[in-house]
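Beneath this line is the structure, given in structure tokens, with notes to follow.
2 protein chains.
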Amino acid sequence: MIPTPYLLFLGDAPDPLAAKVAQGIKDWRPDNAVGQLRLEGCKADLGLPDMTLAEARAAGAQTLVIGVANRGGVISQTWKKVLVTALEEGFDLASGLHNLLRDEEDLAAVAQATGRRLHDVRVPSVKYPIANGEKRTGKRVLAVGTDCSVGKMYTSLAMDLEMKKRGLNSSFRATGQTGILITGNGVPLDAVVADFMAGAVEWLTPDNVADHWDHIEGQGSLFHVSYSGVTMALIHGGQPDALILSHEPTRAHMRGLPGYALPSLEALRDTALPLARVANPACEIVGISVNTAAMGEDEALSYLAQVEARMGLPAADPFRQGAARLVDALLAL
Amino acid sequence: MIPTPYLLFLGDAPDPLAAKVAQGIKDWRPDNAVGQLRLEGCKADLGLPDMTLAEARAAGAQTLVIGVANRGGVISQTWKKVLVTALEEGFDLASGLHNLLRDEEDLAAVAQATGRRLHDVRVPSVKYPIANGEKRTGKRVLAVGTDCSVGKMYTSLAMDLEMKKRGLNSSFRATGQTGILITGNGVPLDAVVADFMAGAVEWLTPDNVADHWDHIEGQGSLFHVSYSGVTMALIHGGQPDALILSHEPTRAHMRGLPGYALPSLEALRDTALPLARVANPACEIVGISVNTAAMGEDEALSYLAQVEARMGLPAADPFRQGAARLVDALLAL
Numbered sequence: 000m001i002p003t004p005y006l007l008f009l010g011d012a013p014d015p016l017a018a019k020v021a022q023g024i025k026d027w028r029p030d031n032a033v034g035q036l037r038l039e040g041c042k043a044d045l046g047l048p049d050m051t052l053a054e055a056r057a058a059g060a061q062t063l064v065i066g067v068a069n070r071g072g073v074i075s076q077t078w079k080k081v082l083v084t085a086l087e088e089g090f091d092l093a094s095g096l097h098n099l100l101r102d103e104e105d106l107a108a109v110a111q112a113t114g115r116r117l118h119d120v121r122v123p124s125v126k127y128p129i130a131n132g133e134k135r136t137g138k139r140v141l142a143v144g145t146d147c148s149v150g151k152m153y154t155s156l157a158m159d160l161e162m163k164k165r166g167l168n169s170s171f172r173a174t175g176q177t178g179i180l181i182t183g184n185g186v187p188l189d190a191v192v193a194d195f196m197a198g199a200v201e202w203l204t205p206d207n208v209a210d211h212w213d214h215i216e217g218q219g220s221l222f223h224v225s226y227s228g229v230t231m232a233l234i235h236g237g238q239p240d241a242l243i244l245s246h247e248p249t250r251a252h253m254r255g256l257p258g259y260a261l262p263s264l265e266a267l268r269d270t271a272l273p274l275a276r277v278a279n280p281a282c283e284i285v286g287i288s289v290n291t292a293a294m295g296e297d298e299a300l301s302y303l304a305q306v307e308a309r310m311g312l313p314a315a316d317p318f319r320q321g322a323a324r325l326v327d328a329l330l331a332l
Numbered sequence: 000m001i002p003t004p005y006l007l008f009l010g011d012a013p014d015p016l017a018a019k020v021a022q023g024i025k026d027w028r029p030d031n032a033v034g035q036l037r038l039e040g041c042k043a044d045l046g047l048p049d050m051t052l053a054e055a056r057a058a059g060a061q062t063l064v065i066g067v068a069n070r071g072g073v074i075s076q077t078w079k080k081v082l083v084t085a086l087e088e089g090f091d092l093a094s095g096l097h098n099l100l101r102d103e104e105d106l107a108a109v110a111q112a113t114g115r116r117l118h119d120v121r122v123p124s125v126k127y128p129i130a131n132g133e134k135r136t137g138k139r140v141l142a143v144g145t146d147c148s149v150g151k152m153y154t155s156l157a158m159d160l161e162m163k164k165r166g167l168n169s170s171f172r173a174t175g176q177t178g179i180l181i182t183g184n185g186v187p188l189d190a191v192v193a194d195f196m197a198g199a200v201e202w203l204t205p206d207n208v209a210d211h212w213d214h215i216e217g218q219g220s221l222f223h224v225s226y227s228g229v230t231m232a233l234i235h236g237g238q239p240d241a242l243i244l245s246h247e248p249t250r251a252h253m254r255g256l257p258g259y260a261l262p263s264l265e266a267l268r269d270t271a272l273p274l275a276r277v278a279n280p281a282c283e284i285v286g287i288s289v290n291t292a293a294m295g296e297d298e299a300l301s302y303l304a305q306v307e308a309r310m311g312l313p314a315a316d317p318f319r320q321g322a323a324r325l326v327d328a329l330l331a332l
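Protein sequences, first through last, are from chains L and X.
Everything in the first sequence is counted per numbering that gives the first Met the number 0, starting at 0 for the first residue and increasing by one.
Everything in the second sequence is counted per numbering that gives the first Met the number 0, starting at 0 for the first residue and increasing by one.
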């Protein structure tokens, strides 16, 4: 639907996490990312070639993807000049921001004049039902985190990839803009109207054959007061058979909430599992995914071994180590 | 904002619970309800005079309020004829349904032709912020239920009324269409976009003087898989100092979910309190409100005494008995 390959726009990202949309595309669809475009003050770097719009066009890029998220999702004036020029130079634009491309009069006008398209992947394109809670066939696994942005999507993408490598029956189900930009479809859950959140997740993960696993992309955290309602809807709408606990061990406080400490993995386990069993009494926690990107190799392996012993569950960093052990644990259910 | 008094439209309500919007207006603003209008097959009865549109107009009614909820919020063709006639006879229309009056072309056309207004109280009229989780001044109490429609709104309205009678500083904060139709303002929380739910609750219950209590209207249930995300956002956005557990003891299964049993009050307590303490570590459960409408007096009193002994908390039916004991428990915090 969105023409590829992409030039990834990192804007004036205040830190690497702010560019997680672009990072996700680069990590999971590297063939689709020809380069990055950064503005002055940008604190993110994907390790892709820095390109001007003209250079990226010459390298074949079809779409400029806004790969950076601002709190509240505002398209700043600093960005506007680049986006207008991109349309004029022949790019489509794609974005998962709350602030829609189509709602910016100047962008809409230039897009119409140049015949380019504005792809707002955040906008739900479906009238979702209210959740009915009925048991669905097939299997589902959901990653739940101690915080936002701790690696839930990576965990699901890595487990899906590992299962596909083994010839198993598996789908990644995107619930956020990055996932949708990576896979081309999904539910932009944080833009769904409250009453329909759980129903949208049911719609996204329908009945399937008995040996099929849906890897549902997690959102937010039960312990993040800004977004916990979205997480709750995923747990009940997804009716997972298995949960993965996801954690980032170097975080000083909940993302964006300086007054809030992260919960322990034990607290996450003891909170998430009873809630999941409301929708699926057979649900089990099968493993722990740890984002050890901020740790050296020895420190990471030592931390994982300690968590595994403490929690009595396989613990792995699926990005650093692959998802084989987490998939083994899932299949052992 | 909405012209009063009202004629309450009960339509073809399949059961009394379906008319809870009308019941709420009749119970809490009886002076605003001149009568009820029922269609063939209506299973609800508020005990108000049954009136034709003409009779209600003669009695002074200014607005026909759709006081009945359908699953999914659809305006049926059966209703349409009455609504069109009402506009022609001089009524405004008010509704809290998902399916907006303004989106029905025939209603919009007749309203324009007759100069009448369509009041869709479900539509958010404010651009809500993302929740920041910062501690607010003043005090807040939230009712959380074992199920939907167990009396959470009644509990909050009754506690607010009791505090006002005592000359205390108190507000009812509406989060649903009935509450908004009763009080004239609030947040239609189940129509808010997911990312902004908790922020909308923060907006609804801002900083206040130290002795002021907000009685926040609850929604859904942590144990109702269709709506639990909305409940979660209320618990974290509301950052309540006190929770009331709400229960309806004769319910055979979760409302609308035949496969789901109600949780115990103990399970509700053990689930809701740790989640509330994420946002407000000082939160306490202060009492239990039981909707005993389906019980006789002796049975109700006996049940309440048993719950009180079992749970070690004051248990009362605020509609049957008033909210004095629940308010006492709140003020003892």
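All C-beta atoms, glycine included, are put in the ideal place defined by N, C-alpha and C.
On the three-state DSSP scale, how would you describe residue i?
i, result
"T249 (chain X)", "coil"
"Q35 (chain L)", "strand"
"E283 (chain X)", "strand"
"F195 (chain X)", "helix"
"T182 (chain L)", "helix"
"A85 (chain X)", "helix"
"H235 (chain X)", "helix"
"R135 (chain L)", "coil"
"S170 (chain X)", "strand"
"Y153 (chain X)", "helix"
"L264 (chain L)", "helix"
"F318 (chain X)", "helix"
"L329 (chain X)", "helix"
Below 7 Å CB to CB, which residues in the same chain sit around residue i once its five sequence neighbours on both sides are set aside?
i, result
"M310 (chain L)", "L264 and I287"
"P262 (chain X)", "T145 and F222"
"P205 (chain X)", "R135"
"R37 (chain X)", "L9 and D49"
"A323 (chain X)", "E161"
Between residue i and the rest of its own chain, which residues show a CB-CB distance below 8 Å, the 5 nearest in sequence each way excluded?
i, result
"M294 (chain L)", "P248, T249 and Y302"
"A260 (chain X)", "H252 and M253"
"V285 (chain L)", "V140, A241, L242, I243, L312, P313, L325, A328, L329, A331 and L332"
Kindly list, in the order they appear in chain L, the residues whose Cβ is closer than 7 Å to that of residue i.
i, result
"L188 (chain X)", "A193"
"H246 (chain X)", "Within chain L, no residue comes near H246 (chain X); the closest Cβ sits about 16 Å away, beyond 7 Å."
From residue i to residue j, what does the alpha carbon distance come to, in whole angstroms?
i, j, result
"K79 (chain L)", "R101 (chain L)", "13 Å"
"P273 (chain L)", "L233 (chain L)", "14 Å"
"G228 (chain L)", "P29 (chain X)", "35 Å"
"T230 (chain X)", "A32 (chain X)", "30 Å"
"F318 (chain L)", "P239 (chain L)", "22 Å"
"P4 (chain X)", "A53 (chain X)", "14 Å"
"L7 (chain L)", "A266 (chain X)", "48 Å"
"F195 (chain X)", "L45 (chain L)", "30 Å"
"T84 (chain X)", "Q61 (chain X)", "14 Å"
"L167 (chain X)", "A328 (chain X)", "14 Å"
"S169 (chain X)", "Q76 (chain L)", "44 Å"
"V122 (chain L)", "S225 (chain X)", "21 Å"
"I181 (chain L)", "I24 (chain L)", "6 Å"
Whose Cβ in chain X lies nearer than 8 Å to the Cβ of residue i?
i, result
"V122 (chain L)", "Within chain X, no residue comes near V122 (chain L); the closest Cβ sits about 11 Å away, beyond 8 Å."
"L256 (chain L)", "N131 and G132"
Between the options, which has its C-alpha nearest residue i's C-alpha?
i, options, result
"A12 (chain L)", "L:D91, L:A323 and L:A68", "L:A68"
"K344 (chain X)", "X:I24, X:L160 and X:A281", "The requested residue 344 (chain X) is not part of the displayed model; chain X covers only 0 to 332."
"Q176 (chain X)", "X:D213, X:R165, X:N279 and X:L188", "X:L188"
"L96 (chain X)", "X:K151, X:N279, X:A21 and X:A209", "X:A21"
"T113 (chain L)", "L:Y127, L:I181, L:L82 and L:S124", "L:L82"
"L244 (chain L)", "L:L325, L:G236, L:L300 and L:L256", "L:L325"
"A142 (chain L)", "L:G321, L:G217 and L:G59", "L:G217"
"Y127 (chain L)", "L:R165, L:A190, L:A278 and L:D269", "L:A190"
Which residues in the same chain have their Cβ closer than 6 Å to the Cβ of residue i, if we skip the five residues on either side of it in sequence?
i, result
"A110 (chain X)", "L86 and L117"
"I179 (chain L)", "V120, A173 and G185"
"A107 (chain X)", "R101"
"N290 (chain X)", "V149, G150 and E247"
Can you pull the chain L residues whose beta carbon is under 8 Å from the beta carbon of residue i, in chain order?
i, result
"V224 (chain X)", "A130, G132, A197, H235, G236, Q238, V277 and A278"
Residue i touches chain A at which residues, Cβ-Cβ below 8 Å?
i, result
"V140 (chain L)", "This model lacks chain A altogether; the protein chains it does include are L and X."
For residue i, return the contacting residues in chain X, with the cut-off set at a CB-CB distance below 7 Å.
i, result
"P273 (chain L)", "T270"
"G228 (chain L)", "A193, M196, A197, G228, V229, M231 and A232"
Interface residues of chain L around residue i at Cβ under 9 Å?
i, result
"Y335 (chain X)", "The question about residue 335 (chain X) has no answer, for chain X in this structure spans 0 to 332."
I want to check one thing, is the minimum distance from the CB of residue i to the heavy atoms of the ligand SAM below 7 Å?
i, result
"D14 (chain L)", "Among the components of this structure there are no ligands whatsoever, and the ligand SAM is therefore not found."
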